Structures are given as C-alpha cells and as structure tokens.
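K.L.:
One structure follows; several queries about it will come next.
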Ligand code: AMP
Ligand code: MG
C-alpha cells in the first residue's frame, strides 16, 4: 500500500509548470502574476489636490482671516492649468492638478467658498493635502512581484498604472469525466437502480475554485470502448484528465479495465476514504483517476489534485490553512490508514466536531462540513479534548 505522501508525489509529478500568458485585467482575478510588474509611470502622475478647496501660496497667508481674489478654477481633468498668480487663490477640486507656484491647499470648509474672492479663515501647513508625484508608486519600481495572487487591489493598481492586461500563469485546462452505468443526468427522471451523477459537477467546481479551468465531459457507462472513445474525442487542449469511478476492486471497473498497462498505474493508498487511486497518462496527457464514491472523490481531490494543480499554476499556498484544534466529541479511526473525516468548527469554543460518519457515500455531510479532520494512521481512538489536525475548507 502506498502512503498518502507517495501518491501525492506521483500526482504532482505528472504536471508541468503552466506557461505565462497575457490576459485582460478583467480575467486576471484569482490567477498568479507570471512576471514582476514594473511601473511605467509615476503614481500620482502629477501633483494634485487631496481636497476640494483653494490652492494658495503659504507666503500669501499673512493673517487670518484673509480675503484673496480667485484667479482660476481648476476642476479634476483640467489640462491647461496656468501658474498661480502671487496674492491670489485658485479654486481646486480633489484630484485636480496643482497650479505651479501653489504649495498649500485650504479645504473649502475653512473658507467662505467664494468664486470671485475667497475669505480664508485658517489653513494647514504647506504640503498638507497635496499629493506629490510618485508618492504612491515611483516610475520603474516593482509594484507587484511575480507569484502574487491577483485580486481586486492588485487589479486596481495595475489599471491605475495603465495596464490593460497582465502576464499570468495560464490556468490548467482540466477535463472531468465520470463513469458509471447507474448514472443519470440531474433534471432527468430517475429509473430503478439509478442515481444522479454528481461527481463531475462537484469536481469541476472544486477545480475552478482552485484556480484552473474545468470542462465537464459528463459521464460514460461502464464500457471500455465508450470510455476510450469519449476521452479520445475530448482531449484536445487539455492539460489534465480527471475521472471518477471504475478504479476499485470489483468487476466492471471501466477505468481500470481500459487503462491498466496503458500508461496509468493503479494503487491502493493508505487513506480513508479514497483508497483506490490511479495516476499516469492517457497518450501524452496527465491523468488522475479518482474513486467514484462522492466523498472519496472529493477528499482525493483535496489531498492530491488541489495542491498539484496549484503548484503547477504557481501558487505559493498549495494546501488549505491548517490548525490543531481540540475535538468536541470522541472519534474512532481504523489502524494503518490516514483518515479524513468531515468536521464542523465551533469558532466560539475553538473546537471541531466530527460531522457525520466515515461512510464515503455521505455526501450531504460533506456539504454541511467546513473542515476536514485529519487522523494519522497510527491513531485509532481520540477523546473529546484531544487535539487533531484540521483543514479549513472555506
Ligand atoms: P465506483 O468507484 O465506480 O465503484 O463507484 C463507487 C460508488 O460511487 C457507487 O455507489 C457509485 O454509484 C457511486 N458513484 C460513482 N460515480 C459517481 C458519480 N459520478 N456521481 C455519483 N455517484 C457516483
Ligand atoms: Mg462505477
């Protein structure tokens, strides 16, 4: 039997680092920046007012109150701002360019708000409320480092610097194919002996949440020829194939039957759920074959595929955030296998409770869990209060 670590190494070894591609800003969220982003301009690009008010020369404010003529009006976006004549004030709005010669911004609240002349009652020291050129970012500076995960603020600063697109690590294209002659598409009537197909939807959304692109090839019956034909037809442009079902020890194990000795190695991994696993290639395309029980499939994704996909796409954070927390209830675990149990956190108490039984068909309990409890192979019994490793599924 393989250890979890051994199989994780096999799976991550299948994937090559994804290349850099350029995407529109609107498509960059959640992806990893491929190269350092160098500022092509200063930010702010010109000195401007941080307040609505009046631009003046500090030297002209010889007493308070003082009344000065308003020599120009400078809204944001004005392109022909002239120098400030000595002994005058310019009415100025937030973001508007400072007229040359002005060094002080008086907020409108400290004036009578006049447009011909303005009475100034008080003023801050020179420079306050003036945004200087390059105060935020200097032209030529590294503003975002390669490896940064791009979210709203990173997209914001890129746009502010004039970038319409960004170099990112290309999302992996992952094909998801379920197997099982008992499966029916959700929305259609269910016949005797049939169940709705859930794994392809679940895995595709988990793959998307991990940062990659998923294509659902739907499902095929337990028929080797059909399985091979469906895969062959769908693999153009695919970086990784993920299947579910057909890999355990029974008969009609379509994935095993089709691919044993054909580039995929099937192994038992010392974990529960998720013991039967397979990994290798279909032709030249990396392939991971997950067990069909929905909870096994999902746990296998979390343990093997999510970190492998994220490593290939350049994320630094591969694993879920993990904590050690006391159990609020006792839990048993089989010897010799690492057990992954669904859990629910009690943030107030700082504890975790096992959620549902260990059965790998108990999908609603997975759906109700917000944590995974990890119990090492040599631990068979834990009492309330014992500490366990907990992955936050978030
Ligand atoms: P298998 O791994 O193919 O032996 O399937 C194990 C269990 O998981 C069986 O109860 C299947 O009916 C169920 N199962 C397999 N694939 C799916 C799927 N895509 N969606 C829902 N249940 C599945
Ligand atoms: Mg099956």
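Numbering (this note's numbering), first residue to last: 1423 to 1816.
Each residue gets a CB set at the ideal place from its N, CA and C atoms; glycine is no exception.
Keep in mind that this is a model prediction, so the values were computed, not measured.
#1: Give the single residue among 1807, 1467 and 1659 whose Cα lies nearest to the Cα of residue 1553.
#2: Among the residues of its own chain, which have a CB less than 6 Å from the CB of residue 1592, if the five just before and after it don't count?
#3: Quick test of your reading: residue 1717 and residue 1783, contact by CB under 8 Å. State the CB separation rounded to the nearest angstrom.
#4: Rounded C-beta distance between residue 1600 and residue 1641? I'm assuming under 8 Å.
#5: For residue 1434, which of helix, strand or coil comes out of DSSP?
#6: Is residue 1644 near the ligand HEM - that is, is its Cβ less than 7 Å away from at least one heavy atom of it?
#7: Under the rule that 16 or more other beta-carbon atoms within 10 Å means buried, what is residue 1684, buried or exposed?
#8: For the region 1641 to 1713, list the alpha helix (DSSP H) runs that are entirely contained and at least 4 residues long, ordered along the chain.
#9: Can you tell me which of 1715, 1566 and 1702 puts its alpha carbon nearest to the alpha carbon of residue 1682?
#10: Determine the DSSP secondary structure at residue 1574, reduced to helix, strand or coil.
#11: Have a look at 1582, 1569 and 1674 and flag the residue whose alpha-carbon is nearest the alpha-carbon of residue 1559.
#12: What did DSSP end up calling residue 1732 once you bin it into helix, strand or coil?
#13: Assuming residue 1765 is part of the beta strand (DSSP E), what are its boundary residues?
#14: Would you mind stating whether residue 1516 and residue 1482 have Cβ atoms separated by less than 8 Å?
#15: Please report the distance separating the alpha-carbon of residue 1569 from that of residue 1456.
#16: Can we say the region 1511 to 1530 touches the region 1445 to 1462, given the rule of at least three CB pairs closer than 8 Å?
#17: Verify the contact flag: residue 1682, CB atom, against every heavy atom of the ligand MG, threshold strictly below 7 Å.
#18: Between which residues of its own chain and residue 1432 is the CB-CB distance below 7 Å, once the five residues before and five after are set aside?
#19: I'd like to confirm something about residue 1667: is its beta-carbon nearer than 7 Å to some heavy atom of the ligand MG, or not?
#20: Are residue 1651 and residue 1636 close, meaning C-beta to C-beta below 8 Å?
#21: Going by DSSP in three states, residue 1539 sits in which element: helix, strand or coil?
#22: Under 8 Å, with one C-beta from each stretch per pair, do the region 1703 to 1713 and the region 1768 to 1780 reach the 3-pair mark?
#23: Assign residue 1809 to one of three DSSP states: helix, strand, or coil.
#24: Which word fits residue 1610, buried or exposed, when buried means at least 16 other C-beta atoms lie within 10 angstroms of its C-beta?
#25: When you compare only the Cα positions, how much space is there between residue 1602 and residue 1576?
P.N.:
Let me spell this out:
#1: For the residues 1807, 1467 and 1659, the minimum Cα distance to residue 1553 belongs to 1467.
#2: For residue 1592, where only same-chain residues beyond five positions count, the Cβ hits under 6 Å are 1440, 1441 and 1443.
#3: Indeed they touch by this definition, with Cβ atoms about 7 Å apart.
#4: Cβ atoms of residue 1600 and residue 1641 come within 8 Å of each other, at about 4 Å.
#5: Residue state, collapsed to three classes: helix.
#6: Ligands displayed in this structure: the ligand AMP and the ligand MG; the ligand HEM is not among them.
#7: Result: exposed.
#8: Taking only runs of at least 4 residues, the alpha helix (DSSP H) segments lying wholly in the region 1641 to 1713 are 1646 to 1656 and 1676 to 1681.
#9: The shortest C-alpha separation from residue 1682 is found at 1702.
#10: In the structure shown, residue 1574 sits in a helix (DSSP, three-state: H, G or I).
#11: The option with the nearest alpha carbon to residue 1559 is 1582.
#12: DSSP, reduced to helix, strand and coil, places residue 1732 within a helical segment of the structure shown.
#13: Residue 1765 -> beta strand (DSSP E) spans 1760 to 1768.
#14: Not in contact: residue 1516 and residue 1482 (Cβ atoms no closer than 8 Å).
#15: One C-alpha to the other measures close to 6 Å.
#16: No, they do not touch.
#17: Placement of the Cβ of residue 1682 at a distance of 7 Å or more from every heavy atom of the ligand MG is found.
#18: Hits under 7 Å: 1701.
#19: With a cut-off of 7 Å, the C-beta of residue 1667 is classified as near the ligand MG, since at least one heavy atom of the ligand falls inside that distance.
#20: The Cβ-Cβ distance between residue 1651 and residue 1636 does not fall below 8 Å.
#21: Looking at residue 1539 - three-state DSSP - the assignment turns out to be strand.
#22: Output reads no: the region 1768 to 1780 does not touch the region 1703 to 1713.
#23: DSSP places residue 1809 in strand when its eight states are reduced to three.
#24: Exposed, since its Cβ has fewer than 16 Cβ neighbours within 10 Å.
#25: Their Cα atoms are separated by approximately 44 Å.
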